[in-house]
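Notes follow the structure.
In the working numbering, the protein residues as written are 166 to 421.
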């Protein structure tokens, strides 16, 4: 299993942990399928009333799609298969509240998950960045999700600066991307504490509120997502050229 799932029947809180720390919790196709299955399983488990999503280890919450993942694609720009498009809880019709606990790096495809969490709690080590443009890829779905979580200028800067710059937990708190920065090592505990409070409320009211909040974003997101496949097809470099840019990457970056 690429995921670890624990549930406390007394509190009604489940903790879903991305459990590939040796790969910085990057999502391969196996983890993708496991996430879809877990979200759908949690829909039917009435003993779970709130969920915490986190990553194993201290280095990363998630670094997006594993670059070693082989994603077969049809030979048409009209039928692109984005492997992470249905990886989040909302995409699988889970309307129980999901709190993300972020430690270390959260980048690229991690935004599919963070964009569908209800709010984020961060360790001081948390950092956020989107390397797509650096390697000749269009940041479409990720940026669209983040544009609904932070001011436009911040979303644009994150998407366009690529791997040269990372947003600190402090800055993420200032702009409202995260709701709390904890003491070192405290993000998971704080997220579980919040989830426990929420799980103690009547489930129907909580889930209705989650659905209402998402409805406020849904129309804009659906219209944006409809444009994404064409933008990606037009703007992405070839896989070979992307790989060359990735191999030549530099480790230097600025944290703000």
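For glycine and all other residues, C-beta sits at the position ideal for the given N, C-alpha and C. All values reported here derive from a predicted model rather than from experimental measurement.
Opening and closing residue of the beta strand (DSSP E) in which residue i lies
i: residue 331; result: 330–333
i: residue 292; result: 292–294
i: residue 286; result: 284–287
i: residue 219; result: 215–220
i: residue 226; result: 225–227
i: residue 271; result: 270–272
i: residue 412; result: Segment 404–412 is the alpha helix (DSSP H) holding residue 412; no beta strand (DSSP E) there.
i: residue 264; result: 263–267
From the options, residue whose alpha carbon lies closest to that of residue i
i: residue 204; options: 421, 287, 240, 182; result: 182
i: residue 172; options: 247, 271, 210; result: 210
i: residue 230; options: 247, 348, 395; result: 247
i: residue 304; options: 336, 255, 328, 202; result: 328
i: residue 278; options: 326, 287, 226, 241; result: 226
i: residue 283; options: 192, 402, 245, 378; result: 378
i: residue 401; options: 419, 301, 196, 195; result: 301
i: residue 170; options: 232, 355, 251, 215; result: 215
i: residue 409; options: 258, 224, 232, 191; result: 232
i: residue 194; options: 235, 213, 176, 228; result: 235
i: residue 206; options: 192, 259, 252; result: 259
i: residue 322; options: 294, 335, 343, 342; result: 294
i: residue 343; options: 376, 288, 189, 419; result: 288
i: residue 285; options: 188, 270, 341, 366; result: 341
i: residue 212; options: 406, 366, 190; result: 366
i: residue 196; options: 403, 418, 253; result: 253
i: residue 420; options: 202, 189, 270; result: 270
i: residue 406; options: 318, 299, 356; result: 299
i: residue 416; options: 330, 356, 399, 376; result: 330
i: residue 418; options: 326, 363, 337; result: 326
Where the alpha helix (DSSP H) containing residue i begins and where it ends
i: residue 250; result: Unbroken run through residue 250: none, as it is neither H nor E.
i: residue 358; result: 352–364
i: residue 389; result: 368–400
i: residue 275; result: 275–279
Rounded straight-line distance, which links the Cα of residue j to that of residue i
i: residue 243; j: residue 348; result: 47 Å
i: residue 359; j: residue 395; result: 39 Å
i: residue 239; j: residue 297; result: 22 Å
i: residue 339; j: residue 316; result: 11 Å
i: residue 261; j: residue 245; result: 30 Å
i: residue 200; j: residue 168; result: 8 Å
i: residue 384; j: residue 290; result: 34 Å
i: residue 179; j: residue 353; result: 12 Å
i: residue 368; j: residue 324; result: 36 Å
i: residue 374; j: residue 313; result: 18 Å
i: residue 414; j: residue 345; result: 32 Å
i: residue 272; j: residue 174; result: 32 Å
i: residue 411; j: residue 361; result: 42 Å
i: residue 333; j: residue 255; result: 26 Å
i: residue 386; j: residue 280; result: 11 Å
i: residue 276; j: residue 370; result: 27 Å
i: residue 381; j: residue 251; result: 20 Å
i: residue 191; j: residue 184; result: 9 Å
i: residue 202; j: residue 249; result: 14 Å
i: residue 176; j: residue 355; result: 14 Å
i: residue 403; j: residue 397; result: 11 Å
i: residue 336; j: residue 292; result: 9 Å
i: residue 224; j: residue 189; result: 7 Å
Cutoff 7 Å: residue i Cβ touching any chain D Cβ
i: residue 375; result: As a matter of chain content, chain D is missing from the structure shown, which is built from one protein chain.
Which parts of the stretch 166–193 are runs of the alpha helix (DSSP H), unbroken and 4 residues or longer, counting only runs that do not cross its ends? none
For the pair the stretch 257–268 and the stretch 211–221, tell me if three or more CB-CB distances fall below 8 Å. yes
Within the chosen definition, does the stretch 381–398 reach the stretch 309–321 through at least 3 CB pairs nearer than 8 Å? yes
Identify every run of the alpha helix (DSSP H) within the stretch 296–348, keeping only runs that are complete inside it and at least 4 residues long; order them along the chain. 306–312, 317–326, 334–340
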